[in-house]
Amino acid sequence: MNQHKSNISCGICQDLIPLVLDNVASEDSQRIVTAHVECCKDCEILYNSVKGPDSNLQDDSKIIKSIKRKIYFSCIALLVIGTMIGVYLSNSMGMFYNIILMPMIGAIAYYILGKRWYIVSVGVFITSYIWLFVGFVIEYRKLAIEIFYYPIYLTAIYTALTVIGVFVSKLLYFAFKKEGVKHVK
């Protein structure tokens, strides 16, 4: 072991170098390592090789922002796919799955969009109305006044189920929130 002007050995310095480069080491450790690296060529070579020529790592906030963006778009895709599946099930035996699916869509909408959750409810209303209207026009092959208002019943039910999901999500948020922590959205 080489002992230099600094008070630590090369082995200890080499153990501390990654911590110093990651800004995890204490100020004293950083000061001791930099002093040792200045007077020891072997440790300086190791310090520069670990540090590398491009030591500008991405900022943590950029990484977190990227992860949040990916989660956001994944949840938006989940909302769209869930809405399409629910609307597709409207005129089948599986339409009763919408009792579970639509409130889940509302809860996800509140989680992702916050105070703008109503956008998803309006989207569910419009999507289901258009799907049911087109389905009835194709099925009956005529335009009667009933075809315009008949889809409103199921559409209103789906929208109400979505709103129920939002309110349940709001109540769960209220029940489990920490004191002093505000909702981000």
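So that you can map any letter, position 127 of the sequence shown is 127 in full-length UniProt numbering, and since no number is skipped, the others follow by simple counting.
Idealized CB from N, CA, C, for every residue including glycine.
Here the structure is a predicted model, which means the values were calculated and not measured.
8 Å CB neighbourhood of residue i in its chain, flanking five on each side removed
i	result
Ser26	none
Test: residue i CB closer than 8 Å to a CB of chain D
i	result
Asp42	You won't find chain D in this structure, because it holds only one protein chain.
Cα-Cα separation, residue i to residue j
i	j	result
Arg69	Ser61	12 Å
Val120	Phe73	14 Å
Asp15	Ser66	32 Å
Ile17	Lys41	14 Å
Gly114	Lys178	17 Å
Gly165	Met102	7 Å
Tyr173	Tyr111	9 Å
Ile45	Asn7	19 Å
Cys43	Ile81	56 Å
Cys39	Ala175	59 Å
Ile71	Ile63	12 Å
Cys75	Met104	12 Å
Gly11	Asn48	16 Å
Cys13	Val24	14 Å
Asn98	Arg141	27 Å
Met93	Gly86	12 Å
Leu143	Trp131	15 Å
Arg116	Ile100	22 Å
Cβ-Cβ distance between residue i and residue j below 8 Å
i	j	result
Ser29	Gly106	no
Ser90	Leu161	no
Ile108	Leu78	yes
Thr34	Thr83	no
Pro151	Tyr118	no
Val50	Leu21	yes
Phe133	Ile145	no
Opening and closing residue of the alpha helix (DSSP H) in which residue i lies
i	result
Asn91	Unbroken run through Asn91: none, as it is neither H nor E.
Trp131	118-140
Cys13	10-21
Tyr111	98-113
Reduced DSSP secondary structure (H/G/I, E/B, other) of residue i
i	result
Ser26	coil
Ala144	coil
Asn48	helix
Contacts around residue i, its chain only, beta-carbon distance under 6 Å, and the 5 residues preceding and following it disregarded
i	result
Phe125	Thr155, Thr159
Tyr88	none
Met95	Leu89
Val37	Cys43, Glu44, Tyr47
heavy atom of the ligand GTP below 7 Å from residue i C-beta
i	result
Glu44	By its list of ligands, the structure shown contains no ligand whatsoever, and the ligand GTP lies outside what it can speak to.
Other residues of its chain near residue i: CB distance less than 7 Å, five sequence neighbours each side excluded
i	result
Gly135	Asn91
Gly123	Thr83
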